[in-house]
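Everything below concerns the one structure shown next.
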Amino acid sequence: MDKIALTAGALYVIVLLRAGGTFAVGWLAGAGARRSRFAERISSAKFLRAERAIQRWGAPVVAVSFLTVGFQTAANFLAGSMRMPLPRYLPALFVGGAAWALIYATAGLGVLEVLGRLFAEQTALGVSAVAVLLLGVCGVVVYRRRGAAQPSGETVTDES
Numbered sequence: 045m046d047k048i049a050l051t052a053g054a055l056y057v058i059v060l061l062r063a064g065g066t067f068a069v070g071w072l073a074g075a076g077a078r079r080s081r082f083a084e085r086i087s088s089a090k091f092l093r094a095e096r097a098i099q100r101w102g103a104p105v106v107a108v109s110f111l112t113v114g115f116q117t118a119a120n121f122l123a124g125s126m127r128m129p130l131p132r133y134l135p136a137l138f139v140g141g142a143a144w145a146l147i148y149a150t151a152g153l154g155v156l157e158v159l160g161r162l163f164a165e166q167t168a169l170g171v172s173a174v175a176v177l178l179l180g181v182c183g184v185v186v187y188r189r190r191g192a193a194q195p196s197g198e199t200v201t202d203e204s
């Protein structure tokens, strides 16, 4: 249990620094945009309505974003660039970051422990499992890249 608590504590500090830093960078980027040639565009009534909605209702989105993969950075940056007030942002950061740290500390350590045992007791099976996992990841990447390379709706015709 001490190992999990130590890992969760370390991950919590990391996520607070990373997400808080992303929020700060977003805040600075938003401030810069408000002083740039885009100031007129981002002062429209539609943009200001969206900004007020994010300032008011964005905290739950920030908190839940820590349970997703790939959305955390965008949610924290957007919260910063849309000037979410710190009294709303910080509780979402603390709660979401704690959930993230606990999940990764428990599940992450569990997976590492299983892999460690597998390699120690049955090395060939462990190597095979990692190879299959890597091949699966590579297959998904290749499949997605090929799908992205072909524009949807176009068909290949033979004009010879």
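Mind the numbering: the sequence shown is residues 45 to 204 in my numbering, read in order. Glycine included, each C-beta is placed from N, C-alpha and C at the ideal position.
For GLY140 and SER109, believed in contact at Cβ under 8 Å, the rounded distance: 7 Å
Enumerated in chain order, which unbroken segments of the beta strand (DSSP E) with a length of 3 residues or greater are wholly contained in the stretch 100-136? none
Where PHE138 falls: helix, strand or coil (DSSP): helix
8 Å contact criterion, which GLY152 and PHE163 should meet: CB distance rounded: Here GLY152 is actually not in contact with PHE163; their C-beta atoms are around 17 Å apart, not less than 8 Å.
In three-state terms, what does DSSP make of PHE163? helix
Minimum Cβ-Cβ distance from ARG96 to chain B less than 7 Å: Structure shown: chain B not included; a single protein chain is present.
Rounded separation between LEU146 and ARG81 - CA only: Here the C-alpha atom of LEU146 lies approximately 43 Å from the C-alpha atom of ARG81.
Assuming ALA123 and GLY102 form a contact by the criterion Cβ under 8 Å, report the distance between their Cβ atoms to the nearest whole angstrom. 5 Å
Assuming ASN149 and ALA52 are in contact, meaning their beta carbons sit under 8 Å apart, how far apart are those beta carbons, in whole angstroms? This sequence places Ala at residue 149; Asn is not what is there. Contact flag correct, Cβ pair sits at about 4 Å.
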